[in-house]
Amino acid sequence: MLQKTKPVWLIAGASLIIGGGAGAFWLAQNNFLMGYNPPGAKLIPQQALATLSVSTNPQQWQKLQQTGTPATRAAIAQQIQNLQQNFLTSNGFDYQQDIQPWIGSEAMIAYLPLSTETTTTPEKAKTPKVEDALILVLPVNQPLLTSQIANQINSGKNNLVGRTYQGVTIQESQKGTKSPISVTVLDNAVVVTNNPKAMDQVVDAYQGNKAIAKLPGYSQALGKLNPGQSMFTEAPRSAARLYLNLPAISTMIGSEATKPVSTQPPLNPQQYQGIATNVVLEPQGLRFQGVSWLKPDSKQKFLPKNDAKIMPQRLPADTFLMFSGSNLQQFWLDYIDGQGNPLLPISPDAVRSGLKSFTNLDLDEDLLSWMQGEFTVALLPSAANVTSRLKAGVVIMVQASDRPKAEKTLKRLDEIAANNYQFQVESNQLNGQPVTNWVSPLVGLNISHGWLDGNVAFLTFGAPIAPGIVPQPREALATNSQFQQTLPGMSQAHNGKLFINVDTAINANNLPLPQLPKDWRGAAKSISTIGMTTQVESDRLLRFDLSIQLQPSK
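Okay, so the sequence shown: first residue is 4 according to our numbering, each after it adds one.
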């Protein structure tokens, strides 16, 4: 079983400026085909779990220091200070004097797991252990200075000891140093690591053409994110660019599973290749504008359908949480395509068997077969002027593609509720609309279902929340100012939407949630809302926009 030390937080960003005139126009048009590799992409081994390209523009970090609560600003400042201390200060380097004069517009940080063998006892076999390694790539903004910088590093000024690997000169801290580093110069960049083995892998990746720049779809996906594609003006610079190597992350998590190997199902080949996103600092928070793409040989394909649009208009303005999509049946098919992936929180087979056990319904035939339209799952507060022991309830809405079949399924559910679980099933009127209520033997539990606008089926359970959505909310979530600020462009249709009102759901203690760990409580208090939209661009590329709105700065 793999053992893993605690990963270190990574900090990141990226930008590319394209000049004016006809040459810039040609570059902008061809960037999508040729792709873009940030500085360092030719040096980072393909085994890296994550990379972050960080803007070296001081103005970006001044913005960050003005964003969020005092606690979040202090935490970010501490992480930056730790990074400088471990990599630079403890080894005699000063960023302002030794690096800032020549560093390029962005630096790259990578997190690389290193497997080593450890022996617990003479009787037991060697077992792999994973060590954390960080790689820092500092590009030189003037290539003519590269040899001069290399000479300074190799001069022995900082009490480093030289060695050679594959013809490359590497300077390393002496044994016993509290924060050891390895330093070399490759591809017009200074490379710093905290582990000699990581430096060897950097050299191997560069010389063997096995760096992340050669991963399928990597440069093309980052080309989609390149912020400087305007022919006349430069687009807003991002503070960071993040890349996640999904196959490597999934493999690591799967290999660290606590179950015995013999009882684990074999992992299917991972479908996703990676996620890449720009991190943009906004006056109210952070925005992640990114893409996710599939492997070239993946069997899974995205369905280019971006029809999620109407559900925020059907939910009340005080909704705690909502998730919506274009097609519930397709969403499920995409989900089960990843079964065997250890990142999935719930096994598809467990969902099927659980539904069959409680209702004797077949998920695919009795439910999903008529759920091919837009859908939402939302958490709502109890309706106003209604007494309830519960503070919130869940609603599921689905635009039915086959209403007669849907009505047949709902009738079967009514029969099962009455015969198997002793619910009293009653047909009533709610705000002039027919609604079916299940009266529970458990005080406080309310279950209702009915229809909205002809073909939208809804099911609620928990607190009495149906009065807030039937026939329509008095004030819709789509009109909520926090919702509009978190998810701008709501007039556009998307493949999916997510919205979490952290203020009302968590910070105001309106929900009976388990106590969060201390560090998480501090992070939650700094956040106001979270929103995300996704849009399918092709059968292998998905765009997303994730917004984290922070509490006003104090």
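All C-beta atoms, glycine included, are put in the ideal place defined by N, C-alpha and C. Since the model is a prediction, treat every value here as computed from it, not as a measurement.
Residues in its own chain within less than 7 Å of R543 by CB, not counting five upstream and five downstream? W296, L297, K304, F305
Per DSSP, which one or two residues make a beta bridge with G293? T280, F547
For D369, count neighbouring Cβ atoms within 10 angstroms of its own Cβ and tell me buried if that reaches 16, exposed if not. buried
Determine the burial state of Y221: buried for a count of at least 16 other Cβ atoms within 10 Å of its Cβ, exposed for fewer. buried
May I ask which residues mark the beginning and end of the alpha helix (DSSP H) holding R415? 406 to 424
Assuming G328 contacts G499 under a Cβ cut-off of 8 Å, what Cβ separation, rounded to an integer in Å, is found between them? 4 Å
Would you call L349 buried or exposed, if buried means 16 or more other Cβ atoms sit within 10 Å of its Cβ? Correcting the residue identity first, residue 349 is Ile in this sequence and not Leu. It is exposed - the Cβ of I349 has fewer than 16 other Cβ atoms within 10 Å.
What's the call for L392, buried or exposed, on a 16-neighbour Cβ count within 10 Å? For clarity, residue 392 is Arg in the given sequence; the question names Leu instead. Burial call: exposed.
Have a look at Q151, D203, P250, Y338 and flag the residue whose alpha-carbon is nearest the alpha-carbon of P219. P250
DSSP has P142 in a bridge; who is on the other side? A192
Does the beta-carbon of K262 have 16 or more other beta-carbons within 10 angstroms, so that it is buried, or is it exposed? Note that K262 has pLDDT 42, beneath the 50 cutoff, so the model's placement of it is unreliable and no number is given.
Terminal residues of the alpha helix (DSSP H) in which P199 lies: 199 to 210
Can you give the Cα-Cα distance for G492 and I419, rounded to whole angstroms? 43 Å
Classify Y424 as buried or exposed, calling it buried when 16 or more other Cβ atoms lie within 10 Å of its own Cβ. exposed
In DSSP terms, what Y114 is bridged to: A53, L137
Looking at the unbroken alpha helix (DSSP H) that takes in A508, where does it start and where does it end? Run containing A508: none; DSSP gives neither H nor E here.
What whole-angstrom Cβ distance do P299 and L480 have, given they're in contact under 8 Å? Actually they do not touch by this definition, with Cβ atoms about 39 Å apart.
Take the Cβ of E175 as the centre, count every other Cβ of all protein chains shown within 10 Å, and call the residue buried at 16 or more, exposed below. buried
Who are the near neighbours of A496 in its chain, counting only those whose CB is closer than 6 Å to its CB and skipping five residues on each side? N309, D310, K312
C-alpha distance - A192 paired with D207, whole-angstrom precision: 16 Å
Own chain partners of P384 with C-beta closer than 6 Å, once the 5 adjacent residues on each side are dropped: D321, A395
Do A242 and Q63 come within 7 Å of each other at the CB atom, strictly closer than that value? yes
From the DSSP output, which residues share a beta bridge with M374? Note: M374 sits in no beta bridge, so no partner.
Could you give the first and the last residue of the continuous beta strand (DSSP E) run that contains N154? No beta strand (DSSP E) contains N154, which is instead part of the alpha helix (DSSP H) from 149 to 156.
Rounded to whole angstroms, what's the CA-CA distance from G288 to Q375? Just pull it up for me. 35 Å
Comparing C-alpha positions only, which one of A460, Y246, N212, F486 sits nearest to P407? A460
F464 to D340 span [Cα, whole Å]: 29 Å
What is the DSSP secondary structure of T59, reduced to helix, strand or coil? coil
With 16 other CB atoms within 10 Å as the buried threshold, where does P520 fall? exposed
Name the one or two DSSP bridge partners that Q427 has. V442
Terminal residues of the continuous beta strand (DSSP E) containing T322? No beta strand (DSSP E) holds T322; DSSP gives it neither H nor E.
Give the DSSP bridge partners of L480, in chain order. According to DSSP, L480 bridges with nothing at all.
If you check the beta carbons only, do G107 and N144 fall under 7 Å apart? yes
Proximity winner among L52, A53, L55, S182, relative to L91 (alpha-carbon distances): S182
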